[in-house]
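Respectively, the protein sequence lines represent chains A and B.
70 is the number of the first residue of the first sequence in the numbering used here; add one for each residue after it.
70 is the number of the first residue of the second sequence in the numbering used here; add one for each residue after it.
We put the beta carbon where it would ideally sit given N, CA and C, even for glycine.
Please read all numbers here as calculations on a predicted model, not as lab measurements.
Protein chains: 2
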Amino acid sequence: MIDIATRVYNHKWKIDPIVRSLIDTDFYKLLMCQSVFRNKPDTTVTFSLINRSKDIRLAELIDEGELREQLDHVKSLSLSRGESTWLRGNTFYGKRQMFRPDFMEWFENMRLPDYHLEKRDGQYELTFEGSWPEVMLWEIPALAILMELRSRAVLNTMKKFELQVLYARAMTKLWEKVEALRSVENLRIADFGTRRRHSYLWQDWCVQAMMEGLGEKFVGTSNCRIAMQREIEAIGTNAHELPMVYSALAEDDAALAQAPYQVLEDWHEEHDGMLRVILPDTYGTQGFLDRAPEWLNEWTGIRIDSGDPATGAENAINWWKSRGEDPTKKLVIFSDGLDVEKVRELSAQFQGRVRVSFGWGTLLTNDFRGLVPDNALAPFSLVCKAIKANGRSTVKLSDNPNKAMGPADQIERYKRVFAVGTQKAQDVIV
Amino acid sequence: MIDIATRVYNHKWKIDPIVRSLIDTDFYKLLMCQSVFRNKPDTTVTFSLINRSKDIRLAELIDEGELREQLDHVKSLSLSRGESTWLRGNTFYGKRQMFRPDFMEWFENMRLPDYHLEKRDGQYELTFEGSWPEVMLWEIPALAILMELRSRAVLNTMKKFELQVLYARAMTKLWEKVEALRSVENLRIADFGTRRRHSYLWQDWCVQAMMEGLGEKFVGTSNCRIAMQREIEAIGTNAHELPMVYSALAEDDAALAQAPYQVLEDWHEEHDGMLRVILPDTYGTQGFLDRAPEWLNEWTGIRIDSGDPATGAENAINWWKSRGEDPTKKLVIFSDGLDVEKVRELSAQFQGRVRVSFGWGTLLTNDFRGLVPDNALAPFSLVCKAIKANGRSTVKLSDNPNKAMGPADQIERYKRVFAVGTQKAQDVIV
């Protein structure tokens with residue numbers, strides 16, 4: 070029996086919305102948003118889409134009208150009552166009322182501000198300008214929309230069984246990864262794949278497959294909507310956006326040198342335990358750690374998001390030792406370009422030396438490599454970054470010069486202020 | 070929205086019936102049934118289940134109560150109005166009214182007779198005794214039920230995503246076969262996999278995948294229900310059952326020697342064109358062809374169902390030549406233990422020398438080899454054969470001594486009467 074009402078209802082949608090909830094976003098975005106709402110509410114920031122994979126000509130693949138419809142749909146969203154209840158009532162990292170009542174009240178009334186979209190050289194120029202706590206919430210939906218519209222563009226020409234077999238292959242591929250991860254001792258792995266997912270439904274499938282296939286080894290997802298729906302942990306702490314904007318706001322070189330620590334000082338006041346995770350690579354990890362104030366010694370962990378991950382973790386261990394800390398009590402989170410082999414390697418290398426956790430992103434939720442001709446569904450490197458704060462350009466250096474961004478003169482200035490020497494270039498895959 | 074009525078309806082079924090239609094059977098069964106109904110209506114025949122794969126202990130895998138419920142459900146079935154309309158109104162091999170009105174009237178009122186079931190040595194003894202045109206219709210549903218109950222027994226312990234990935238793997242495996250077959254020139258291939266299918270839904274999926282993936286190269290299915298549902302050709306002619314029963318009924322050795330030709334004489338009267346296909350191997354192909362009457366020269370094709378298929382086809386070609394026929398106008402149908410490689414090989418070998426067609430059975434609709442631990446879903450060799458006719462044992466020799474059946478003394482007698490020499494033994498896989 071077909072439910073006629075359901076069929077009619079489904080067919081009256083003008084579009085098939087990609088992002089249907091304001092909490093279909095990464096958990097750390099909300100944590101950072103609350104921090105910004107408290108500490109820097111009056112900052113004007115510009116976020117911009119950057120497609121590092123120039124060969125993927127998005128403006129030729131994706132119809133502008135469809136893109137606008139999807140973005141407009143996100144603008145129409147507001148926090149639902151159940152979502153608000155979940156954010157207010159759920160425990161995050163064992164803590165109740167992670168989100169303060171004043172923030173929740175603001176969030177309940179928040180709507181995403183407008184966007185600016187134009188085509189240039191086969192790419193979309195998509196920017197969001199406005200109040201920092203508002204525009205920062207565009208990052209994840211904008212990326213998810215672009216990624217999924219690209220998937221749809223490729224899937225659009227495929228026939229029914231071809232499609233079913235495509236997903237059968239993708240499921241098989243993911244399940245083989247899950248099976249390979251089962252034997253990794255003391256594994257702790259989370260889904261960090263919202264921004265570059267193949268699609269929402271696929272991410273949700275991947276999460277559920279990890280739940281069944283890995284049990285306790287799967288510790289949660291960065292996606293709040295999925296965490297709520299599947300009743301699992303929401304995972305995440307903070308990102309480069311905070312030191313980048315804080316740094317851009319610095320009035321002189323001395324203030325600039327202090328800006329990344331100022332971020333963590335604000336964070337320190339608000340959070341403890343598992344949320345005290347240092348992301349040290351924005352302007353070079355080694356310099357950041359060498360000059361770190363004493364109070365950072367006691368922080369729980371370090372997230373390695375660029376450069377060679379094993380080297381990054383060794384440096385973290387050495388730093389903790391040099392500060393008189395016991396690394397076996399500390400946590401290293403790997404979150405850059407992971408796949409099964411890398412997870413196995415890193416797990417083996419750091420077993421018993423430091424606690425290890427993995428944030429698995431693109432190659433969890435979008436590994437469609439090799440599944441269609443011309444590799445047309447392979448993931449690509451799309452980011453959406455804060456490029457300006459109160460009119461000044463932001464800068465990111467990271468531990469991989471291929472991930473650096475900002476105006477050339479500012480990059481030079483930042484390298485000088487943060488005493489960044491020669492860096493080893495690494496390919497940016499995803 | 071969940072359709073509440075549908076959910077409640079689905080949950081009130083006492084069982085999930087495996088065979089839900091009297092035409093969920095092979096097309097040739099109905100053609101043979103009509104022939105028997107006309108020519109040998111008063112014969113009493115016993116069909117018996119034979120599990121050639123002794124290591125699959127069916128009575129330990131499958132609950133007797135569940136098996137009885139499934140068999141009882143088949144007994145309750147009658148031809149539906151739409152099914153009757155389809156059989157009466159559809160064209161089969163281009164012919165209208167393939168089924169005569171008197172046969173259709175009988176079939177519309179037919180119910181399957183009772184069965185006899187007991188357990189012995191970890192196997193089921195399942196027999197059907199009664200009027201030939203009735204009991205012969207038990208063969209395919211009985212096999213399909215046993216095969217699917219065995220699948221269910223294995224699937225029963227699997228979790229949700231494990232199951233989904235199992236089917237994803239099976240789909241991928243089948244699709245790779247379809248893709249490999251696409252490049253075979255002049256391919257004509259049909260689904261012959263009803264009796265040993267993994268399940269009904271899976272067979273239906275396989276057929277649809279072949280329709281999409283192979284287009285014109287996929288010529289139809291032996292399954293009448295699926296042919297009706299998917300609006301494709303129903304495929305099939307006749308089987309060993311006819312010469313086996315005719316031979317058992319022979320009063321002396323002279324009559325026995327003529328029995329296989331008598332079958333085809335009855336067939337000749339009723340059918341022409343594509344339905345005139347010789348199945349020569351029941352008591353040895355070579356002797357059958359050597360002694361064949363002249364009127365068989367003009368028959369359209371020969372089906373190769375045992376022995377080495379290439380040798381069988383070469384012998385068929387030589388026979389046609391020896392009878393002054395042009396083999397390029399003739400048809401060879403391969404239907405024994407096929408898989409992609411064999412199809413490619415045989416296609417290449419006989420390209421341009423004879424028309425070739427393939428009936429692809431078990432490894433189309435039940436290739437779950439290697440997909441679960443202990444290969445517990447691998448297909449196995451289950452048959453359901455006419456073992457007695459009017460109280461006398463039947464005999465089958467075929468071109469492979471491993472496929473021979475019947476009492477030892479009768480096998481010797483048949484070998485003498487049909488002058489069967491030494492035969493080359495071949496493994497029976499499926």
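With 16 other Cβ atoms within 10 Å as the buried cut-off, status of A158/A
What sits at residue 158/A in the sequence shown is Gly, not Ala. G158/A comes out exposed.
Between G356/B and E334/B, what straight-line distance do the alpha-carbon atoms span, to the nearest angstrom?
18 Å
With contact counted as at least three CB pairs below 8 Å, one residue from each stretch, are the segment 123–136 of chain A and the segment 318–326 of chain A in contact?
no
In whole angstroms, what is the alpha-carbon distance linking E208/A and S450/A?
14 Å
Compute the beta-carbon to beta-carbon distance between V314/A and A455/A, rounded to the nearest angstrom, for a pair I have assumed lies under 8 Å.
5 Å
Could you name the residues of chain A that F230/B contacts, counting a contact when the two beta carbons are closer than 7 Å?
Q277, A278, E281, G282
Any beta-carbon of chain E closer than 9 Å to the one on V441/B?
Considering every chain present, this structure includes no chain E. Its protein chains are A and B.
Assuming R251/A is part of the alpha helix (DSSP H), what are its boundary residues?
229–251
How big is the Cα-Cα spacing for V88/B and K144/B?
10 Å
Do F437/B and A239/B have their C-beta atoms within less than 9 Å of each other?
yes
Does V409/B get closer than 9 Å to chain A when you measure Cβ to Cβ?
no
Proximity winner among H80/B, T112/B, R107/B, K83/B, relative to L318/B (alpha-carbon distances)
T112/B
Mind checking whether Y162/B and L344/B have CB atoms under 9 Å apart?
yes
Identify the continuous beta strand (DSSP E) that holds G151/B and give its terminal residues.
Counting along the chain, G151/B falls outside any beta strand (DSSP E), though it belongs to the alpha helix (DSSP H) covering 150–158.
The segment 283–293 of chain A in contact with the segment 217–235 of chain B per 3-pair CB rule at 8 Å:
no
State the DSSP-derived secondary structure class of S117/A, mapped to helix, strand or coil.
strand
Secondary structure at N307/B, three-state DSSP: helix, strand or coil?
coil
Find the residues of chain B that neighbour M506/A, judging by a C-beta separation of less than 8 Å, and give them in chain order.
With chain A represented from 70 up to 499, any question about residue 506/A goes unanswered, as that position is not in the structure.
At a Cβ threshold of 9 Å, is Y78/B touching chain A?
yes
Buried or exposed by the 16-neighbour rule on C-beta atoms within 10 Å, applied to R137/A
exposed
Where do the ends of the alpha helix (DSSP H) carrying A457/B lie?
The question names Ala, yet the displayed sequence has Lys at residue 457/B. First-last for K457/B: 451–458, but that is the beta strand (DSSP E), not the alpha helix (DSSP H).
Amino acids of chain B, ordered along the chain, whose beta-carbon sits closer than 8 Å to that of T241/A:
V234, A237, R238, T241
Between F419/A, L186/A, D260/A, which has its C-alpha nearest T94/A's C-alpha?
D260/A
Got a sec, what are the start and stop residues for the alpha helix (DSSP H) H142/A sits in?
133–144
Check whether the Cβ atoms of G342/B and K98/B sit closer than 9 Å, and answer yes or no.
no
Give the interface partners of T75/B over in chain A, defined as CB-CB distance under 9 Å, in chain order.
M70, I71, D72
According to DSSP, which residues form a beta bridge with F161/B?
K164/B
Three Cβ pairs or more, each shorter than 8 Å: is that satisfied between the segment 462–475 of chain A and the segment 487–499 of chain A?
yes
According to the Cβ coordinates, are L256/B and V77/B closer than 9 Å?
no
Do L146/B and L215/B have their beta-carbon atoms positioned less than 9 Å apart in this structure?
no
Please report how far the alpha carbon of K465/A lies from the alpha carbon of E310/A, in whole angstroms.
9 Å
Is the beta carbon of V332/A closer than 9 Å to that of W368/A?
no
For a contact defined as C-beta to C-beta under 7 Å, what are the partners of W244/B on chain A?
V234
Limits of the alpha helix (DSSP H) - the one that D478/A falls within
477–486
Within this structure, are the beta carbons of L206/A and C102/A separated by less than 9 Å?
yes
Which residues mark the beginning and the end of the beta strand (DSSP E) in which Y193/A is found?
192–200
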